[in-house]
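Chemist: Protein chains in written order, with my numbering: chain A, 1 to 388; chain B, 1001 to 1296; chain C, 2001 to 2356. Cβ atoms here follow ideal geometry from the backbone N, Cα and C, with glycine treated the same way. Treat the numbers as computed from the prediction; the structure is a model and nothing was measured.
1. Report yes or no: do the stretch 2147–2158 of chain C and the stretch 2262–2271 of chain C share at least 3 C-beta pairs separated by less than 8 Å?
2. Taking the C-alpha atoms as reference points, what is the distance between residue 2006 of chain C and residue 2013 of chain C?
3. Taking the CB atoms as reference points, tell me whether residue 1944 of chain C and residue 2293 of chain C lie closer together than 7 Å.
4. What are the uninterrupted segments assigned as beta strand (DSSP E) that are 3 or more residues long and contained completely in the stretch 2023–2105 of chain C, given in chain order?
5. Taking C-beta pairs closer than 7 Å, name the residues in chain B that residue 2248 of chain C reaches, listed in chain order.
6. Measure the Cβ-Cβ separation of residue 281 of chain A and residue 354 of chain A and say whether it is below 7 Å.
7. Check whether the Cβ atoms of residue 102 of chain A and residue 35 of chain A sit closer than 7 Å, and answer yes or no.
8. Is DSSP giving residue 2180 of chain C helix, strand or coil here?
9. When burial is assigned at 16 or more other CB atoms within 10 Å of the CB, is residue 184 of chain A buried or exposed?
10. Between the stretch 41–52 of chain A and chain C, which residues of the former have a C-beta closer than 7 Å to a C-beta of the latter?
11. Sorted by chain position, which residues of the same chain lie with C-beta nearer than 6 Å to residue 1119 of chain B's C-beta, five sequence neighbours on each side aside?
12. Within the continuous alpha helix (DSSP H) that includes residue 1194 of chain B, where are the two ends?
13. Which of the residues in the stretch 2138–2149 of chain C, read from start to end, lie with their CB under 9 Å from any CB of chain B?
14. Just grab the DSSP bridge partners of residue 2213 of chain C for me.
15. Quick check on the burial criterion: 16 or more other C-beta atoms within 10 angstroms. Buried or exposed for residue 1187 of chain B?
16. For chain C, find out if any of its Cβ atoms is closer than 7 Å to the Cβ of residue 209 of chain A; answer yes or no.
17. Go through the stretch 1117–1189 of chain B residue by residue and report every complete run of the beta strand (DSSP E) that reaches 3 residues or more, in order.
18. State whether the stretch 110–126 of chain A contacts the stretch 83–93 of chain A, with contact taken as three or more CB pairs (one from each stretch) at a distance under 8 Å.
19. With H, G and I counted as helix, E and B as strand and the rest as coil, what does DSSP make of residue 228 of chain A?
20. Please report how far the alpha carbon of residue 1083 of chain B lies from the alpha carbon of residue 1145 of chain B, in whole angstroms.
21. Alpha carbon to alpha carbon, what distance is there between residue 222 of chain A and residue 169 of chain A?
22. At 7 Å on the CB atoms, spell out the chain B contacts of residue 2326 of chain C, in chain order.
23. Could you name each continuous alpha helix (DSSP H) segment of 4 residues or more that falls completely within the stretch 1020–1071 of chain B, going from the start of the chain to the end?
24. Just the C-alpha distance for residue 2198 of chain C and residue 2119 of chain C, rounded to the nearest angstrom, thanks.
25. Roughly how many angstroms lie between the CA atoms of residue 133 of chain A and residue 111 of chain A, to the nearest whole one?
26. At the level of alpha carbons, what is the spacing between residue 2192 of chain C and residue 182 of chain A?
27. With distance defined between alpha-carbon atoms, name the residue in A/290, A/124, A/242, A/130 nearest to residue 270 of chain A.
28. Name the two residues that bound the continuous beta strand (DSSP E) containing residue 39 of chain A.
29. Let me confirm a value: residue 2083 of chain C is counted as buried when at least 16 other C-beta atoms fall within 10 Å, else exposed. Which label applies?
30. So, residue 53 of chain A versus residue 315 of chain A, is the Cβ gap smaller than 7 Å?
31. Measuring CA to CA, which of B/1102, B/1059, B/1057, B/1184 is closest to residue 1038 of chain B?
32. List the residues of chain B whose Cβ lies closer than 7 Å to the Cβ of residue 2277 of chain C, in chain order.
33. Of the residues that make up the stretch 260–274 of chain A, which ones have a beta carbon closer than 8 Å to any beta carbon in chain B?
34. Nearest chain A C-beta to residue 1017 of chain B closer than 7 Å, yes or no?
35. What residues match up with residue 377 of chain A in a beta bridge as DSSP calls it?
36. Taking 7 Å as the cut-off, decide whether the C-beta atoms of residue 2177 of chain C and residue 1278 of chain B are in contact.
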């Protein structure tokens, strides 16, 4: 004879079951909408990426819908927060694919999360447009997987190009130990020899490190001509300050993750002189008026800043680009059939976005090349185009 | 390695060591009065720094810091009254779990009040690029501030706990609560007071380290972990030992970095913690009997 | 008959599981099984931790470390390509013993790697060894010190998997194949295997529960309860407190490792985010909320909370929700949620809580 406690448990389980079943019946599919899923790291370690990405997504979808939608249909963007955790990204990706039947998934924000859902999207034939930079996402190419940020390999090429112009041959590399930093470190190592660069030092520090004078002292001991730091916050601003504090007076190169004026402000006067490759969003005003990207960049910047009262960053731009190329592909395909949209996307050319001009091809699922990057520097606490 | 390099590594070690030490001091106070390990101590530091940074937009730096300390102290007291007091008869396990819960709650609250961006307080003297040169190596003046503030706190607390009535009452509560109550000491308020003092020290510590480490909403937990490591290595409850242990650990980390891959630096402190726990849990400077009285 | 009574909840839950599956299949919402299955695997960790915390009275702030040991071992062994070493004696031996399998990965390259069962065995063995080595010194410590030591253990595992190239560093290990239990029965994350994996998961969970219940009622269990009530008294009566605590520690580590192996095969990947301090804290929260010495409470809360969390129901407030629930329970219902609902106690099955 089961006792009260067991009956209660049983009843609770039944209740749970029926409430789920009931919820399910309540929602029917709405075919006059285009459902697009998005997974961003709105909270957690990568929140400085995911937060502007999510905001941009909301803002842009509202705008598109107000202007009539795509092919006459409104877009429904379903945004999920992965908390910067890949296992959550896995679960959310499955939810979006199986339950919401989304046409495509935008995001995730980090390479680690993207790599873990890459297979799931490919097997389920759902288009994935990642907002993460790692080369591994599109190399080797999986037919349904794309990315919109510029590649870290191209960023490295730009850095080495400037170094060659400055006759720098011996450098020290420090990277954070997260996926972004490690990937950057790999690209730096891969492309060094062909660019005549010797990496005299390359080690990783913990991404939550509170003081970098120790590792920089080690770099200083190798008599390098420049330092390359590949990380996101908070290390980026810390590096600049610590270098000046211990008297390591060589040029500092950073990754494209440096693209937010707040990092410059956090670094104070130490940030002046930093050289880094970046999308042109941050120096949009400085571009000549006939530059193809200028109108798009200024438009996005103003919209974002007036709505969210914070500086626009290149990360938010990735969502913009993802939605842009996706909607262009849908328009070109003239339908929301996944295979047709994918084919259209793979052959999309000449689309001008925040990161650059996209030209996709079956071999190039990133659509961008080295020229998507502009090399920037910091002058008097502001971003400026680097001129030799 | 030449002399400037060695000195530079020493400075790197002192920089991080002083940060660890100042975290540890704060939570030794609560431990001394109540035997509770407050996993939320790191959050007091971040709260203090965040408040000061925001207030600094409206008032001058010293006032901003003072106000932030006051507010954090009140928050510390409220936390004790609302959460800890109710759990008075709970086991050690429950208390650990509760303070962990408080730490998460504070962190999430800070995330939603201040968002995820990295900030830092203005340097007390000089700027981000100023440095003092000694023996060919450089150190930021802010690090000297961290050391200075730690010293002042430790020196200030010793007479407090040894000579003032309140201080001695707090020590009495730690020793034997029932006996203290029988002597007419209001043990409930002593516990609240200990939380308030820890919160105040935490806030001050957060403000002084903020220019060096920068401040982000989720930095509390890693700081706290390093803080307890140092406190345990020194001997739980002994703040002077915590400072020494902190500096030692910082130096060990810095010199490990100089010889091996930087990635091993973190492992070293964890290994030291585990060794101490296994071989000499009362810490390097602690007395053998865990229940023994600790003087600050 | 009294012996059989203790298994009634097992049967009740088994029936509920079957009913749930039928309901979900009929309403076409089998995708919920994804999160339920994942939660079931996480629940294995919780069950083990409940035994450790509630019955042996030991705290562990690093149990995610054992989950990772299981998951990463399985992941690395089943994905590391041994083709380059196929002529070495060790590899040839493994091959002749039938431990290896030749397959193709998603890019079409040929891979020679361990099959799932040997990897599983290795993972469990490793978990036992490490739990034994860690447990030996750590079990002796009291309260706070054990908490710190287990925290340290979790951190070391985190650092190792984050820094080790073979563990994929920050990106973790991906492309882990499904776990073929026998031909035709797999733990596989794909939609076609949903129901299969769901039943396998619940089978393992209920088996673990049966084991746990048996333990609680056995001599070991009684010894543990006596230790929990009053350690000195137990010791004076000749109970080998140390040995029993170590045993439970190792057992809880094995449960966690099994959960890790299965989830890794299910998701097809594992990363350092499974070993963070926050993850260990979550397991702790679930045990506390379910009732420290309440196996069913822990299981129920574990599945429920993880299910909701994985579905993103809590949104950006995920951690905050866990914290609030934790504090609320610890303050208002330290015996756990189900006890608080004031149900008449079953029997002397569960120990009385006298706070030490």
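Modeler: From the atom records:
1. no
2. Here residue 2006 of chain C corresponds to residue number 6 of the third chain, with the count starting at 1. Here residue 2013 of chain C corresponds to residue number 13 of the third chain, with the count starting at 1. Each residue's Cα considered, the two are about 13 Å apart.
3. Lying before the first or after the last residue shown, residue 1944 of chain C is absent from chain C, which here runs from 2001 to 2356.
4. 2100–2104
5. Working through the third chain from its first residue, we reach residue 2248 of chain C at position 248. Per Cβ cutoff of 7 Å: no residues; residue 2248 of chain C is ~15 Å from chain B at best.
6. Within the first chain, the letter at position 281 stands for residue 281 of chain A. Within the first chain, the letter at position 354 stands for residue 354 of chain A. Yes, the pair counts as a contact, with Cβ atoms nearer than the cut-off.
7. Taking the first chain and counting its residues from 1, the one referred to as residue 102 of chain A is at position 102. Taking the first chain and counting its residues from 1, the one referred to as residue 35 of chain A is at position 35. The answer is yes: Cβ separation under 7 Å.
8. For the purposes of this step, residue 2180 of chain C is taken as residue 180 along the third chain, with counting starting at 1. Three-state DSSP puts residue 2180 of chain C in a strand.
9. Within the first chain, numbered from 1, the residue matching residue 184 of chain A stands at position 184. By the 10 Å Cβ count, residue 184 of chain A comes out buried.
10. 42, 43
11. As a working note, residue 1119 of chain B is residue 119 in the second chain. These residues qualify, in order along the chain: 1053, 1215.
12. Position 194 of the second chain, counted from the first residue, corresponds to residue 1194 of chain B. Per DSSP, residue 1194 of chain B belongs to the alpha helix (DSSP H) from 1187–1213.
13. 2138, 2140, 2141, 2142, 2143, 2144, 2145, 2146, 2147, 2148, 2149
14. As a working mapping, residue 2213 of chain C is identified with position 213 in the third chain. In DSSP, residue 2213 of chain C forms no bridge with anything.
15. Against the second chain, residue 1187 of chain B aligns to sequence position 187. Residue 1187 of chain B should be labelled buried.
16. Walking along the first chain from the start, residue 209 of chain A turns up at place 209. Not closer than 7 Å to any Cβ of chain C, the Cβ of residue 209 of chain A fails to qualify, so no.
17. 1132–1134, 1137–1139
18. yes
19. For the purposes of this step, residue 228 of chain A is taken as the residue at position 228 of the first chain. Of the three classes helix, strand and coil, the one that applies to residue 228 of chain A here is strand, per DSSP.
20. Residue 1083 of chain B sits at position 83 when you count from the first residue of the second chain. Residue 1145 of chain B sits at position 145 when you count from the first residue of the second chain. Taking the straight line from one Cα to the other gives about 34 Å.
21. Residue numbering aside, residue 169 of chain A sits at position 169 when the first chain is read from its first letter. Residue numbering aside, residue 222 of chain A sits at position 222 when the first chain is read from its first letter. Using only the alpha carbons, I get a separation of about 13 Å.
22. Counting from 1 along the third chain, the entry for residue 2326 of chain C is found at position 326. Within chain B, the residues near residue 2326 of chain C are 1097, 1101.
23. 1041–1055
24. The residue given as residue 2198 of chain C occupies position 198 in the third chain. The residue given as residue 2119 of chain C occupies position 119 in the third chain. Taking the straight line joining both Cα atoms gives about 21 Å.
25. As a first step, residue 133 of chain A is located in the first chain; it is residue number 133 there, counting from the start. As a first step, residue 111 of chain A is located in the first chain; it is residue number 111 there, counting from the start. If you take the alpha carbons of residue 133 of chain A and residue 111 of chain A, they lie about 7 Å apart.
26. Reading the third chain from its first residue, position 192 is the one you call residue 2192 of chain C. Reading the first chain from its first residue, position 182 is the one you call residue 182 of chain A. When rounded, the distance between both Cα atoms is 36 Å.
27. Along the first chain, one-based indexing puts residue 270 of chain A at 270. It is A/242.
28. On the first chain, residue 39 of chain A is found 39 positions in, with the first residue counted as 1. Residues 33–40.
29. Against the third chain, residue 2083 of chain C aligns to sequence position 83. Under this definition residue 2083 of chain C is an exposed residue.
30. Taking the first residue of the first chain as 1, we reach residue 53 of chain A at position 53. Taking the first residue of the first chain as 1, we reach residue 315 of chain A at position 315. Cβ distance < 7 Å, so residue 53 of chain A and residue 315 of chain A count as in contact.
31. As a first step, residue 1038 of chain B is located in the second chain; it is residue number 38 there, counting from the start. The candidate whose alpha carbon is nearest that of residue 1038 of chain B is B/1102.
32. The residue given as residue 2277 of chain C occupies position 277 in the third chain. Near residue 2277 of chain C (Cβ distances below 7 Å), the residues of chain B are 1221.
33. 262, 263, 266, 267, 268, 269, 270
34. Locating residue 1017 of chain B in the second chain gives position 17, where the first residue counts as 1. Chain A, which has no Cβ nearer than 7 Å to the Cβ of residue 1017 of chain B, makes this no.
35. In the first chain, the residue the question calls residue 377 of chain A occupies position 377. Answer is A/275, A/384, bridged to residue 377 of chain A.
36. Against the third chain, residue 2177 of chain C aligns to sequence position 177. Against the second chain, residue 1278 of chain B aligns to sequence position 278. Not closer than 7 Å, so no.
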